[in-house]
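S.K.: Numbering (my numbering), first residue to last: 1 to 919. By construction, the Cβ of each residue, glycine as well, lies at the ideal position given by its N, Cα and C atoms.
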């Protein structure tokens with residue numbers, strides 16, 4: 001029962017979302033980003049666009065890229081700040097002075113309070129500073145006004161509170177809290193005439209508007225003073241200002257005024273139309289209490305009670321943002337009967353005035369909003385609905401109405417892609433819709449992308465299986481033929497889309513573009529889109545194509561594929577594009593809507609073109625150049641970088657006049673770089689040594705480039721390649737050459753000596769060889785001679801022995817015995833002739849010089865006869881050959897050999913001849 005009641009309540013009671021107009025982008029700088037305190041009392045900007053904020057912790061400085069906090073010497077709260085020339089004046093507790101930059105761009109403080117004479121502070125804080133027309137600088141506390149000029153300070157010390165001051169018609173006008181307005185004359189205060197309306201009302205701020213003084217009060221709105229009379233400001237915004245406690249006023253140009261309130265943010269008021277926009281916490285501000293407000297270069301800066309905000313006024317792209325989460329991600333936008341409708345993942349919404357209302361019963365995911373045949377149709381998660389006088393009326397229960405397209409050559413017939421194939425929509429004459437599911441085997445998959453090739457041929461993209469070319473029957477109720485393009489017939493089966501572009505079937509697959517060749521029935525590259533790889537086609541008409549790059553550069557590109565190209569790279573747009581879900585809806589020739597992850601944007605193309613042509617992009621400033629150890633002064637001179645500190649070089653750039661830009665840089669030198677970067681901090685790692693030229697450009701919204709700023713630097717070579725090292729290398733090379741020459745000379749001499757020694761050695765070896773050969777020849781001769789002598793002696797003795805034996809055998813035949821004996825004796829003497837032995841011994845010793853000496857030394861018991869036997873044995877003579885030489889029998893030789901073996905202490909196993917030969 002309760003559930004039914006809730007459903008009925010949803011149908012009967014529209015859901016209202018807090019309304020807001022399409023607003024310019026709001027940039028919030030949070031405490032965690034600027035590293036100061038929450039309260040920001042005053043804002044000032046110099047001519048270069050650098051922002052200075054009076055903060056509870058000190059002076060905040062923002063160069064467009066980075067925030068830095070600068071504290072006073074006494075660490076007091078800074079309440080006011082004003083940029084005048086190259087000085088930044090600040091006021092704090094019983095202290096005021098100015099800041100200037102040193103050569104490194106660091107802010108240094110100079111106090112001025114020592115110039116005050118004959119005056120004592122009464123626990124004063126300085127809340128306001130402005131330059132007077134006479135060249136003096138005025139400082140206001142609640143107690144007094146101080147004028148600084150030419151190194152002197154004069155004090156205007158009224159008896160009451162000073163809540164504000166301003167110069168008007170050449171006069172210094174002071175607000176005395178609830179006491180009204182006063183004019184400073186001769187350091188005295190005189191009340192203005194005819195201002196009774198202000199009495200009892202606290203003046204908070206004043207500006208000169210249309211030659212009148214616009215006086216803002218805390219709780220009573222604004223008044224106009226023309227120098228003579230004071231009257232209430234009758235514009236309708238005054239009631240809002242009374243209600244929400246006015247605090248600050250700033251002129252915005254073009255008859256527009258900004259009012260900062262304590263309770264409800266800032267009001268952007270157009271005095272011509274008396275219309276206003278409110279920017280508060282509900283529309284994107286971090287805080288509703290505006291403590292300071294300042295316009296610079298079409299950027300409205302707000303110092304808040306908690307944070308800092310920047311609003312880009314007159315931006316060609318305005319945004320509707322859902323901060324509550326009620327709207328969710330927007331998928332489509334449609335304009336119908338004067339209302340703007342939004343289709344999101346939570347349902348259908350529409351604007352009524354500035355209020356966003358929910359279409360009852362539309363909760364759930366919306367895919368498509370189309371104005372068809374005079375009806376607003378909604379492709380929904382649960383079917384298709386008609387939005388009209390009868391509310392949210394279902395006309396089809398086929399789930400998932402992705403896309404609805406018209407059938408060519410048919411009057412009121414459409415085809416819709418759904419979660420489960422295709423559906424035919426046809427409007428009857430009575431205004432109702434006839435819807436049927438188109439039948440066809442194999443046509444039961446989700447169809448998100450579809451287009452007609454001819455009136456009877458439809459292309460659809462399967463989310464995971466490629467492309468299908470579908471042929472309808474005459475009634476479009478059934479598919480007669482399905483042709484699949486996948487595997488080898490298609491580039492890819494995943495992430496596919498299909499379009500009909502100027503009667504060409506164009507396919508997108510994995511970021512690559514192709515077209516269908518009907519003659520060859522093949523898919524070929526689509527050359528017209530070759531420059532748009534990895535881009536998603538959002539919308540196209542007869543002239544322009546809109547692409548998005550939501551993954552990488554996060555920008556939108558509008559192109560005619562020829563020379564007319566527009567790149568839209570607004571940061572809030574880039575941050576909120578939703579990949580695969582963004583959509584573009586064309587309103588007219590100069591305006592389109594872009595769906596976003598938390599709302600939608602309206603893009604004024606003509607205004608983007610106009611701004612890009614009007615605006616001269618500022619040249620980016622070179623803020624910091626540092627290596628791993630040092631920070632360098634940036635000037636026109638080339639900066640030398642020691643090699644040992646060059647492994648990481650950082651260049652910080654900023655373009656304060658063009659907040660939140662991106663940059664393009666080029667580095668030319670031994671190594672070349674070029675890149676678009678979002679951040680102003682550019683780092684180079686391990687650059688080779690050499691001279692470099694760095695150029696950086698500010699990049700506009702349409703990707704146009706400013707003039708470059710240039711920095712030249714040189715990375716010194718490593719110590720081993722420096723000039724003194726090269727000089728040392730040259731000296732070492734010369735020394736090395738000399739040493740090599742000396743070494744080679746010595747080597748040559750040594751080689752010559754070695755060759756000479758080698759030649760001498762070879763000569764000596766040849767001589768030695770010759771001597772050896774000669775000696776060997778002599779030895780052979782001696783051996784031959786010895787052998788011959790020995791043989792002769794042996795033969796002679798053998799013959800003599802034979803003669804002797806013959807004589808002995810024929811002794812009886814000799815008649816003369818005496819003569820016989822004499823003859824025998826003579827034969828015996830011939831056998832024992834010592835001369836033969838001496839000759840033998842001489843020849844033997846020539847061959848075996850010390851044989852006898854060594855033998856006697858080893859065996860001293862040897863007799864001469866033993867030595868003689870040893871000599872014969874050394875000559876390897878046999879027993880038979882020895883016997884004649886020793887004039888004994890063979891048996892005698894054997895007995896002698898036996899005795900000799902005993903003397904030599906040799907057993908029978910050893911060969912006596914071998915022993916003596918080797919001895």
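Would the beta-carbon of residue 336 fall within 8 Å of that of residue 376?
M.R.: Their beta carbons are under 8 Å apart, which means residue 336 touches residue 376 by this criterion.
S.K.: Please list, in chain order, all residues of the same chain as residue 253 whose beta carbon is under 8 Å from its beta carbon, the five residues on each side excluded.
M.R.: 295
S.K.: Give me the Cα-Cα distance between residue 572 and residue 426, rounded to the nearest whole angstrom.
M.R.: The alpha-carbon atoms of residue 572 and residue 426 are separated by roughly 41 Å.
S.K.: DSSP three-state label for residue 539, please.
M.R.: strand
S.K.: Alpha carbon to alpha carbon, how far is residue 601 from residue 202? Give it in angstroms, no decimals.
M.R.: Rounded to whole angstroms, residue 202 to residue 601 spans 41 Å at the Cα level.
S.K.: How about the segment 647–665 and the segment 45–56: do they share at least three Cβ pairs that are nearer than 8 Å?
M.R.: yes
S.K.: Please determine, among 71, 291 and 746, the residue with the shortest C-alpha to C-alpha distance to residue 249.
M.R.: 291
S.K.: Please classify residue 635 as buried or exposed, where buried requires at least 16 neighbouring CB atoms within 10 angstroms.
M.R.: exposed
S.K.: Output the distance between the C-alpha atoms of residue 6 and residue 352, rounded to the nearest integer angstrom.
M.R.: Summary for residue 6: the model assigns pLDDT 36, below 50, so the residue's position carries little reliability, and this model does not support an answer.
S.K.: Go to residue 555, then tell me how far its beta strand (DSSP E) extends in each direction, as first and last residue.
M.R.: For residue 555, the enclosing beta strand (DSSP E) starts and ends at 555–559.
S.K.: Hey, is residue 220's beta-carbon within less than 8 Å of any beta-carbon in chain C?
M.R.: Going by chain labels, chain C is absent from the structure shown, which holds only one protein chain.
S.K.: Take the Cβ of residue 424 as the centre, count every other Cβ of all protein chains shown within 10 Å, and call the residue buried at 16 or more, exposed below.
M.R.: buried
S.K.: Going by other Cβ atoms of all chains shown within 10 Å of its Cβ, with 16 needed for buried, is residue 606 buried or exposed?
M.R.: exposed
S.K.: Is it right to say residue 891 is buried, meaning 16 or more other beta carbons lie within 10 angstroms of its own, or is it exposed?
M.R.: exposed
S.K.: Mind pulling the alpha helix (DSSP H) runs of 4 or more residues that sit fully within the segment 237–285?
M.R.: 237–244
S.K.: Alpha carbons only, please: which of 385, 319 and 819 is nearest the one belonging to residue 348?
M.R.: 385
S.K.: Assuming contact is defined by CB atoms lying nearer than 8 Å, are residue 262 and residue 206 in contact in what I supplied?
M.R.: no
S.K.: Would you tell me roughly how many angstroms separate the C-alpha atoms of residue 92 and residue 80, rounded to the nearest one?
M.R.: 7 Å
S.K.: Just curious, the alpha helix (DSSP H) that residue 463 is in, first and last residue?
M.R.: No alpha helix (DSSP H) holds residue 463; DSSP gives it neither H nor E.
S.K.: Quick one: give me the first and last residue of the alpha helix (DSSP H) that residue 646 is part of.
M.R.: It is not in any alpha helix (DSSP H) - residue 646 carries neither H nor E in the DSSP assignment.
S.K.: So, are the CB atoms of residue 285 and residue 300 less than 8 Å apart?
M.R.: no
S.K.: Can you tell me where the beta strand (DSSP E) with residue 312 in it begins and where it stops?
M.R.: In the DSSP assignment, residue 312 falls within the beta strand (DSSP E) that extends over 307–312.
S.K.: Among the residues of its own chain, which have a CB less than 7 Å from the CB of residue 104, if the five just before and after it don't count?
M.R.: 631 and 633
S.K.: Would you mind stating whether residue 382 and residue 364 have Cβ atoms separated by less than 8 Å?
M.R.: yes
S.K.: Closest by CA to residue 185, which one among 858, 174, 409 and 121?
M.R.: 174
S.K.: In angstroms with no decimal places, state the Cα-to-Cα distance between residue 622 and residue 709.
M.R.: About 7 Å.
S.K.: Tell me where the alpha helix (DSSP H) around residue 896 begins and ends.
M.R.: 890–903
S.K.: Give the list of continuous beta strand (DSSP E) stretches no shorter than 3 residues that lie fully inside the segment 492–535.
M.R.: As far as the segment 492–535 is concerned, its whole beta strand (DSSP E) runs of at least 3 residues are 496–501, 504–509, 512–517 and 522–525.
S.K.: Just list the residues that DSSP pairs residue 471 with in beta bridges.
M.R.: 457 and 481
S.K.: If distances are taken between C-alpha atoms only, which option among 273, 279 and 274 comes closest to residue 267?
M.R.: Checked all of 273, 279 and 274; the closest Cα to residue 267 is 279.
S.K.: Closest by CA to residue 671, which one among 482, 690, 664 and 528?
M.R.: 690
S.K.: Going by beta-carbon coordinates alone, are residue 222 and residue 230 separated by less than 8 Å?
M.R.: no
S.K.: Just to check my reading of the structure: residue 332 and residue 585 have Cβ atoms closer than 8 Å, yes? What is that Cβ distance to the nearest angstrom?
M.R.: About 7 Å separates the two Cβ atoms, so the contact holds.
S.K.: By Cβ distance below 8 Å, which residues in the same chain neighbour residue 517 in space, the five residues on each side in sequence not counted?
M.R.: 523 and 524
S.K.: So if DSSP puts residue 695 in a beta bridge, which residue, or which two residues, is it bridged to?
M.R.: In the DSSP output, where bridge partners are listed per residue, residue 695 has 666 and 710.
S.K.: Can you look up residue 119 in the DSSP assignment and give me helix, strand or coil?
M.R.: coil
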